[in-house]
Structure formats: C-alpha cells, structure tokens
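A.B. asks:
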Amino acid sequence: MLIRSLKNKMPNLRIYVNNPSGILKKDLNWEGVLEENISRFSDFESSKNAVSIGIHTNNTTVLSNSGVRVWIDLLKFEKRRLLNEDEIGELKESYKIGSEKVILGGSLSISDFGALKPSLERYVFQNKNSKIILVPRESPNWFCRELDGLNYETDKESINGNKNFMIVTKEGILDKLYSLCDISLVGNSFPGSNNLQNPLEPAFYGKRILVGKESHDWNKIAFQGLKESGLLKCISYNNPKFEENLFNELVREQDSEQLKVQQDSAKKFIESMQGFGDVYANIIQKFLYHDLKDWDKKLLMGPPSWDYEYLKRNFS
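Taking our numbering, I'd label the letters of the sequence shown as residues 1412 to 1727.
(1) Compare the Cα-Cα distances from asparagine 1391 to each of Tyr1534, Lys1587, Leu1611 and report the closest residue.
(2) Determine the direct distance from the alpha carbon of aspartate 1484 to that of isoleucine 1414, and round the result to whole angstroms.
(3) For glutamate 1564, which three-state DSSP category applies?
(4) Restricting to Cα atoms, I'd like to know which of Gly1572, Glu1504, Leu1657, Trp1629 is closest to lysine 1644.
(5) In the structure shown, what three-state DSSP assignment does proline 1529 receive?
(6) In the DSSP assignment, find the alpha helix (DSSP H) that holds leucine 1596 and state where it starts and stops.
(7) Within the stretch 1647-1707, note down every full alpha helix (DSSP H) run reaching 4 residues or more, in order along the chain.
(8) Do you know offhand how far methionine 1684's Cα is from asparagine 1649's?
(9) For serine 1590, does the count of other Cβ atoms within 10 angstroms reach 16, so buried, or fall short, so exposed?
(10) Thinking just about the alpha-carbon of each residue, which of Leu1642, Leu1661, Lys1631, Gly1623 is nearest to the one in serine 1676?
(11) Would you grab the beta carbon distance between glutamine 1673 and serine 1640 for me? Rounded to a whole angstrom, and I think it's under 8 Å.
(12) Is the separation between the beta-carbon of phenylalanine 1601 and that of phenylalanine 1554 shorter than 9 Å?
(13) Got a sec: does the ligand ZN put a non-hydrogen atom nearer than 8 Å to the Cβ of asparagine 1538?
(14) Taking DSSP's pairing of strands, which residues face arginine 1619 in a bridge?
(15) Taking 9 Å as the cut-off, decide whether the C-beta atoms of leucine 1611 and valine 1579 are in contact.
(16) Using beta-carbon positions only, say whether glycine 1688 and methionine 1412 come within less than 9 Å of one another.
(17) Which of the three DSSP states, helix, strand or coil, is assigned to tyrosine 1589?
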C-alpha cells in the first residue's frame, strides 16, 4: 500500500525493497504492478529519486533510507484488492469447499494449535459436515503428526474435499483464504506471543474473528476497533474454561442481522483509519527533499511518542 501511494505521489521514484521470499512480488502483481516494473537489484541508488524500504521486526516500522521510520500498522488499513465473487468461487473449487461451515486458523504457531486442538476435535466430532483449514506458521510436518489418526489432508497432495481438517502450506495465500471461512482464528494468540496475526485481513471480508488474548503491541489499534465493532471476540486463553468457551463460540449460530451490524461497524472503523499510505508518501517526499522537521521525525518513531492524528492533520 505504501509502494502504491509513493508511486502515485512520485511516478519516477525508484523503490528498493529487500524481500527475497518472492511473496512481495506476487502481492505487487496482485495489486496491479506490471511484471516489467519489478526487477532484482544489488546496489541502492541514493538520491531524491530513490527510496529503500524494509521491515524492522523489533518495532514493526517501515524504514525509508536511514532517516525516517513510520509505524507500519496503519498501512494495514489501506484499501486493497479483494477477491470478487467469481474468484472466490474458483478458490472454493480449488480447495473443494462446498456449503459446509468453514473455520480457518492462520497463521498458527505450534503452541496455538496445541491450545486449539481439543476444542476443534470436539467441534468436528459433533459437526461432521464442517471444514477446519489450518495454515501453519511453522513446521507443517508437526501439524500432520498432531493430526495423525484424524480425518485430514494437505495441499501437498491432491485435495479431494472429504476430510474435516485441511493443512495449507502454500505461501502468500492466507489473506485470500479468509474469503472462504465463516470464523477465523487469529494466529499467535492461542497463546503465542504479543506479535499477533493481522486481524484486518479477515475483517475486510466481514468474517467473525476469534482471538485468545488482547493485543498490547502489534495491531493494537486494529484489535481495539474490531472488538468494539463486535466482529472480533476475545476468548481468553488464561481462563480455566478456555476450551469450553471456545467450543461454545464455534458452535454458536450468529444472527444474520446482528452480524450485518457488526460488519458495517467494522467497515466504518477500517475506512476511518485509511489514508496513511498517502500521509507516509508525503512524509517520505519531504524527507527526500530535506524538508522534514526534527520534531516530525521524532513522532514517526511510533509509540509511546506516536500521534497518528497529528500526522494525518499535517501531512494529508
């Protein structure tokens, strides 16, 4: 989203991104960036017409050259290309999804699945016509061993669709899989670390979202807003009745009118937070032309000094 805004603001800007996995390239293609406009590079050209972007994993910032840091979480609210009905239908067909209720867990750590497994097993036992899609964050083979003896299949083999559990190992597909589910289980929250999976991806498709704990670090604003909308619900992992509470939430039939209210509220919240791609593009342009105040640089560092409303007022 930042790359798109930067190119709209400065069409001739060269953007360098350190991303060896290839997933970013697929994402750029998905967002409409032509193949001929993407190439590998070995040396960074330092000038007013070039910017380097990277991810700082300790505080989730985007780095522009070496002087500006902007908080990445706000970029996750930006508009994105979602699957249309035909594309969702094609995805359903490829994963052999019919009319059954679908629960999607992703991307799940080993500790996530260890906590979720008892409730999911119980749910499948009582709801034979259901599908549990698991997207591992790590060690797919471990997930296979944990499901040994249960009704499961993986996308490494030919999918026939008659299994209750499906392990998806394909990279870069999780954001699209949310379009198929009825309930999403947010990774790294059962129990996981504080670096919880982005809950906005299922929210863009209006899906019910379950987490095992509150977010105090990454994606904090998103979690708070989606919780207030009602679309996201926390089933506390620290509660002694966690397994029972999670099972009850999985089997609960959501009132369609209530869900529509929650979806509309979540949509309104997300839209209210959009626009920071352009804000950051303006900031980076000022930095490249040496027109950024020291005070503004300090604000860009993120919490606790971070004031995103100030940034929007002064850089929109």
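Where is the CB? At the ideal position from N, CA and C, for every residue including glycine. This structure is a prediction, so every number in the text was calculated from the model and none was measured.
C.D. replies: Reading off the structure:
(1) A question about residue 1391 goes unanswered here, because the residues of the chain that appear run from 1412 up to 1727.
(2) So the two alpha carbons sit approximately 15 Å from each other.
(3) Collapsing the DSSP output to three states places glutamate 1564 in a strand.
(4) Selected option, being the one with the closest Cα: Leu1657.
(5) helix
(6) No alpha helix (DSSP H) contains leucine 1596, which is instead part of the beta strand (DSSP E) from 1594-1597.
(7) 1653-1662, 1667-1683, 1687-1699
(8) 31 Å
(9) Under the 10 Å beta carbon count, serine 1590 is surrounded by 16 or more other beta carbons and is classified as buried.
(10) When C-alpha distances from serine 1676 are compared across Leu1642, Leu1661, Lys1631, Gly1623, the shortest belongs to Leu1642.
(11) 6 Å
(12) no
(13) This structure lacks the ligand ZN, and indeed carries no ligand of any kind.
(14) Ile1594
(15) No, the Cβ-Cβ distance between leucine 1611 and valine 1579 is not below 9 Å.
(16) It is a contact, given that the beta carbons lie within the stated cut-off.
(17) Reduced to three states, the DSSP call for tyrosine 1589 is helix.
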